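*Asks:* I have a structure here, written as structure tokens, and I will follow up with some questions on it.
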Amino acid sequence: MSAADDALADAFFEARKADLERRLKPKRFRHSLGVSQTAETLARTYGADVSTARLAGLLHDWDKCLDDQAIRDRARDLGTDVPDLVLQAMPQLLHGPTAARALAREFPQIPPEALSAIEKHTAASVDMSDLDLIVYVADVIEPSRSFDGVDKLRRAVGRVGLEDLFVLVFQHSLENLVATGKRLHPDTVDVWNHYVERKLKREGTPSGAAKGR
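Numbering (the UniProt record's numbering), first residue to last: 1 to 213.
Set out below in structure tokens:
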């Protein structure tokens, strides 16, 4: 069995699940299980690797147990390259990147595809793989989520393409951040524009800049 096969085996999954239960509060642990299950379902729906999806979903909040200062210290210790604004004002957005680096160090057999999905599940990216998109979406729509509009997002699974599903989910997250007066990650606008442009091209719609008043 190769190292990658070992990381995707049931024994490794169950061992990391036990680790995670010790690291996280019960509600966060249940959320992680829900993300793992949802990522597995999405992987089956959209043709991604199911075992990698369920592992990435399970471990995506590995560092969610850390408070703001601890996550800053961890980011520095791991050499995580992040904008200073995020480090100082939005440290909880770092739990994806720090978890990916920490897990790679502690469990080098974890496939890089899983680590990428863990890293990008907080702020997204303009270069997301199908697995990255799956874990991002699963984090938002897993069964314990109960916000207004979540059922509509869940119903879109399998009815629209994976990127279109991501755009719907990302749009909801963006609208919620703006509506509640939260700061945006410096890359958020670039991510939105990138995937909207791709969506418009798929639909054959001219893009162009938004018109001013």
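Idealized CB from N, CA, C, for every residue including glycine.
Computed from a predicted structure; not experimentally measured.
Can you look up V140 in the DSSP assignment and give me helix, strand or coil?
*Replies:* helix
*Asks:* Figure out for me which residue from S146, V169, F147 has the closest Cα to the Cα of A156.
*Replies:* Closest in C-alpha terms to A156, from the list S146, V169, F147, comes V169.
*Asks:* Short of 6 Å in beta carbon distance, which residues of its chain neighbour P97, apart from the five on each side in sequence? Order them along the chain.
*Replies:* T80, E119
*Asks:* Can you tell me where the alpha helix (DSSP H) with I118 in it begins and where it stops?
*Replies:* 112-120
*Asks:* Candidates A53, T41, K25: which alpha carbon is nearest F13's?
*Replies:* A53
*Asks:* Hey, P111 and A15 are a contact pair by Cβ (cut 8 Å); roughly how many whole angstroms apart?
*Replies:* The pair is not a contact, with the Cβ atoms about 16 Å apart (cut-off 8 Å).
*Asks:* For V160, which beta-bridge partners are listed by DSSP?
*Replies:* V157
*Asks:* With a floor of 4 residues, list each alpha helix (DSSP H) that falls wholly inside the UniProt domain "HD" (28-144), ordered by position along the chain.
*Replies:* 50-59, 68-77, 84-89, 95-106, 112-120, 130-141
*Asks:* Using 7 Å as the limit for Cβ to Cβ distance, is Q171 near chain D?
*Replies:* Going by chain labels, chain D is absent from the structure shown, which holds only one protein chain.
*Asks:* Excluding the 5 residues preceding and the 5 following R101 in the sequence, name in chain order all residues of the same chain whose CB lies nearer than 7 Å to its CB.
*Replies:* L78, T80
*Asks:* Hey, could you find the ends of the alpha helix (DSSP H) T188 is sitting in?
*Replies:* From DSSP, the alpha helix (DSSP H) with T188 extends over 188-203.
*Asks:* Keeping to the same chain, check which residues put their C-beta closer than 8 Å to that of R28; ignore five residues upstream and five downstream.
*Replies:* D61, K64, C65
*Asks:* Report yes if the CB atom of D139 is closer than 7 Å to the CB atom of V35, and no otherwise.
*Replies:* yes
*Asks:* To which residues of the same chain is A3 closer than 6 Å at the C-beta, ignoring the five residues directly before and after it?
*Replies:* Q109
*Asks:* Nearest by alpha-carbon distance to L165: which of A179, S32, V178, Y46 is it?
*Replies:* Y46
*Asks:* DSSP three-state call for P206: helix, strand or coil?
*Replies:* coil
*Asks:* Report the rounded CA-to-CA distance for T122 versus L94, giving the unit in angstroms.
*Replies:* Taking the straight line joining both Cα atoms gives about 8 Å.
*Asks:* Mind checking whether A9 and L55 have CB atoms under 7 Å apart?
*Replies:* no
*Asks:* For L103, which residues of its own chain have a beta-carbon under 8 Å away from its beta-carbon, when the five flanking residues on both sides are left out?
*Replies:* Excluding positions up to five away in sequence, the list reads L59, W62, I110, L115, I118.
*Asks:* Report yes if the C-beta distance between K199 and V178 is below 7 Å; otherwise report no.
*Replies:* no
*Asks:* Measure the alpha-carbon distance for E142 versus P206 and round it to whole angstroms.
*Replies:* 34 Å
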